[in-house]
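> Take a look at the following structure, please.
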Amino acid sequence: MEQFIAVCREGAQVEFSHDYCRRVDKSRQLVERWVDEEKVMYGVTTGFGALCTKAISKEETAKLQENIILSHSVSLGEPLSIERVRGIMLMILQNLGQGYSGVRLELLEQYRQFLNRGLTPWAPGDGSVGYLSPEAHMALVLIGRGKAYYQGELLPGDQALKKAGLEPITLSSKEGLALVSGTTSATAMAALGLYDFQKAAKSADIVGAMSLEALKGVMNAFDARVMQVRPHADQGDTAENVRRILAGSGIIEKYQGHRVQDALSLRCIPQLHGAAKKTFRDAKETIEIEMNSCCDNPILWPEEGSQDVISACNPDSAYVGMEMDSACIAAVSLAKMSERRNNRIIDESLSGYPSFCIASPGLNSGLMIPQYTQAGLINEMRGLATPATIDNTPTCCNQEDYVAMGYLACKKSGPMAEKLEYVLAIELLSAYQVQQFVDPEVKRSPATQAVLDEIAKHVPVLKQDDFLYPYIVYLKDFIHSGGLIRTVESVTGALK
Numbered sequence: 006m007e008q009f010i011a012v013c014r015e016g017a018q019v020e021f022s023h024d025y026c027r028r029v030d031k032s033r034q035l036v037e038r039w040v041d042e043e044k045v046m047y048g049v050t051t052g053f054g055a056l057c058t059k060a061i062s063k064e065e066t067a068k069l070q071e072n073i074i075l076s077h078s079v080s081l082g083e084p085l086s087i088e089r090v091r092g093i094m095l096m097i098l099q100n101l102g103q104g105y106s107g108v109r110l111e112l113l114e115q116y117r118q119f120l121n122r123g124l125t126p127w128a129p130g131d132g133s134v135g136y137l138s139p140e141a142h143m144a145l146v147l148i149g150r151g152k153a154y155y156q157g158e159l160l161p162g163d164q165a166l167k168k169a170g171l172e173p174i175t176l177s178s179k180e181g182l183a184l185v186s187g188t189t190s191a192t193a194m195a196a197l198g199l200y201d202f203q204k205a206a207k208s209a210d211i212v213g214a215m216s217l218e219a220l221k222g223v224m225n226a227f228d229a230r231v232m233q234v235r236p237h238a239d240q241g242d243t244a245e246n247v248r249r250i251l252a253g254s255g256i257i258e259k260y261q262g263h264r265v266q267d268a269l270s271l272r273c274i275p276q277l278h279g280a281a282k283k284t285f286r287d288a289k290e291t292i293e294i295e296m297n298s299c300c301d302n303p304i305l306w307p308e309e310g311s312q313d314v315i316s317a318c319n320p321d322s323a324y325v326g327m328e329m330d331s332a333c334i335a336a337v338s339l340a341k342m343s344e345r346r347n348n349r350i351i352d353e354s355l356s357g358y359p360s361f362c363i364a365s366p367g368l369n370s371g372l373m374i375p376q377y378t379q380a381g382l383i384n385e386m387r388g389l390a391t392p393a394t395i396d397n398t399p400t401c402c403n404q405e406d407y408v409a410m411g412y413l414a415c416k417k418s419g420p421m422a423e424k425l426e427y428v429l430a431i432e433l434l435s436a437y438q439v440q441q442f443v444d445p446e447v448k449r450s451p452a453t454q455a456v457l458d459e460i461a462k463h464v465p466v467l468k469q470d471d472f473l474y475p476y477i478v479y480l481k482d483f484i485h486s487g488g489l490i491r492t493v494e495s496v497t498g499a500l501k
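Plus 5 on top of the position in the sequence shown (first one is 1) and you've got our numbering.
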């Protein structure tokens, strides 16, 4: 996962190993031999989908591959982000480089150069049930068609290639089909979304702990003995995180016995955060398997003595789709608890602090409306959390009468992660602003103080109403970049 993120977001260079090249060349030799022998191979010597009964002569095999790219480039709407398209290209290299697809190394080298030179195909993101159309738009650039981003400009594909010092290629047998088949787009978007979900979950531990401290919470609910009798690893890890974040807090020490137990949005942090983290961890395991799989169809089995071409359904996106549907539900759960903790801070009757964390409520609204923003964001998240994989619309004259719909399950994870980060940012803003009303003589935990000191460089303490938008955006970026986690871990060591 970390290597994937480095390529997508940080521009890490991609190289092919000797074994990678050997696998690709070995499977390519099979395709060329079988095309000469006019062996029946789906999508190579036959048509596609419901047209699989139509024979294609060996003279027409190259034209067939160009045709699939042209005819399948029909996704619509807003383009996929550059990081998503980079991720899809990387997953195509992973998929086709397993050695079961029969494409030329020359084809894969072109995508490798796209990644390394910063050339990114333009691909609309709406209208896919699992794969095909976005990948086809991307493949247009390989042949000098379509559009691509290069050095900040959106250019016609042929011009982008020329500026990057590349030439268009001519697709050969099997290659058009291989470029658009597989779980490559779903897996790439899932990996990006999941990476942000996992970072947000750890950030939620930090923000939740800061709210617990500001609200004079009791630590009984985080006792290791409680975790021992319900031994879910992620629950125990979350409780340990909170204990470490709040270690050395004078506030926690002073108010430890002042109530029997806290409200559930504070007391149940280990249980809910832990359940979400387990969901994300399970999804990561599935996605990393998918990243290192061949999800092509047909596959070419190249081993001597059992060489074969096998039509099956490895491009099915149910694995990653179901995992990301579950991950999106977990993200909403983190958000709904964050909003409730935030509400406890800004509600005078619950916190004992001035309403909306402002000294003169009435004349000033303080942090009243950011909670509305949380409510609106969570409403949107609940809509997005409706599982995509429960849907089914048969396609291709019922040749594809079951459709996984994993594409949308993975695509929505990006906006879901961003909304979760904003919800947490608003809670963090309240946990920061309320500090002006917390007894200054009682020390905060060293981890909390490190966060407060960092935020204070960018966000003022509100004495009267101010333009809040830039502060929320800064805090969201602080979470998204991992800055919040790094600040705390500089005090606590690595959190779990």
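Every residue, glycine too, gets a C-beta built ideally from N, C-alpha and C.
A quick note: this is a predicted structure, and the numbers were derived from the prediction, not measured.
Pick from Asp287, Gln266, Val223 and Val265: whose alpha carbon is nearest that of Glu258?
Check the Cα spacing between Glu258 and each of Asp287, Gln266, Val223 and Val265: the tightest is with Val223.
> Write down the C-beta distance between Ala414 and Thr400 rounded to the nearest angstrom, noting that I regard them as a contact closer than 8 angstroms.
In this structure Ala414 does not touch Thr400 by the C-beta definition: roughly 17 angstroms separates them, more than the 8 angstroms allowed.
> Kindly list the residues whose CB is nearer than 7 angstroms to the CB of Arg435, restricted to its own chain and excluding five residues on each side of it in sequence; keep chain order.
Before going further, note that residue 435 is Ser rather than Arg in the sequence given. Closer than 7 angstroms at Cβ, skipping near neighbours: Asn347, Ile350, Ile351, Cys362 and Leu372.
> Which class does Pro375 belong to by DSSP, given the choice of helix, strand or coil?
helix
> For Asp24, which residues of its own chain have a beta-carbon under 7 angstroms away from its beta-carbon, when the five flanking residues on both sides are left out?
none
> Using beta-carbon positions only, say whether Leu113 and Leu98 come within less than 8 angstroms of one another.
yes
> Assuming Ser80 and His142 are in contact, meaning their beta carbons sit under 8 angstroms apart, how far apart are those beta carbons, in whole angstroms?
6 angstroms
> Less than 8 angstroms between the C-beta atoms of Arg286 and Asp330, yes or no?
no
> Strictly by DSSP, which residues pair up with Trp39?
None, per the DSSP bridge assignment.
> Alpha carbon to alpha carbon, what distance is there between Gln440 and Val456?
12 angstroms
> Can you pull the DSSP bridge partners for Pro84?
Pro129
> If I measure Cβ to Cβ from Ser138 and keep anything under 7 angstroms in the same chain, skipping five residues before and after, which residues do I get?
His77, Ser78, Val79, Ser80 and Gly132
> If you pair each beta-carbon of the region 449-465 with each one of the region 250-257, do three or more pairs fall below 8 angstroms?
yes
> Can you look up Val428 in the DSSP assignment and give me helix, strand or coil?
helix
> Please list the terminal residues of the continuous alpha helix (DSSP H) segment that includes Val185.
Glu180 to Val185
> Less than 8 angstroms separating the beta-carbons of Asp228 and Tyr105?
Not a contact, by the Cβ cut-off of 8 angstroms.
> Any contact of the region 271-286 with the region 202-213, i.e. 3+ C-beta pairs under 8 angstroms?
A contact between stretches requires three or more CB pairs, one per stretch, nearer than 8 angstroms, and the region 271-286 meets this requirement with the region 202-213.
> Which whole-angstrom value is the C-beta distance of Gly92 and Phe9, which I expect to be below 8 angstroms?
7 angstroms
> Quick one: Cα of Val36 to Cα of Gly48, how far?
12 angstroms
> Curious, which full-length alpha helix (DSSP H) runs of at least 4 residues does the region 314-354 contain?
323-351
> So what does Leu159 bridge to, in DSSP terms?
Tyr154
> With distance defined between alpha-carbon atoms, name the residue in Glu405, Val464 and Ala422 nearest to Leu433.
Val464
> Is Tyr412 closer than 8 angstroms to Ala502 when the C-beta atoms are compared?
There is no way to answer for residue 502, as the model of the chain reaches only from 6 to 501.
> By the three-class DSSP mapping on this structure, what secondary structure does Thr492 have?
helix
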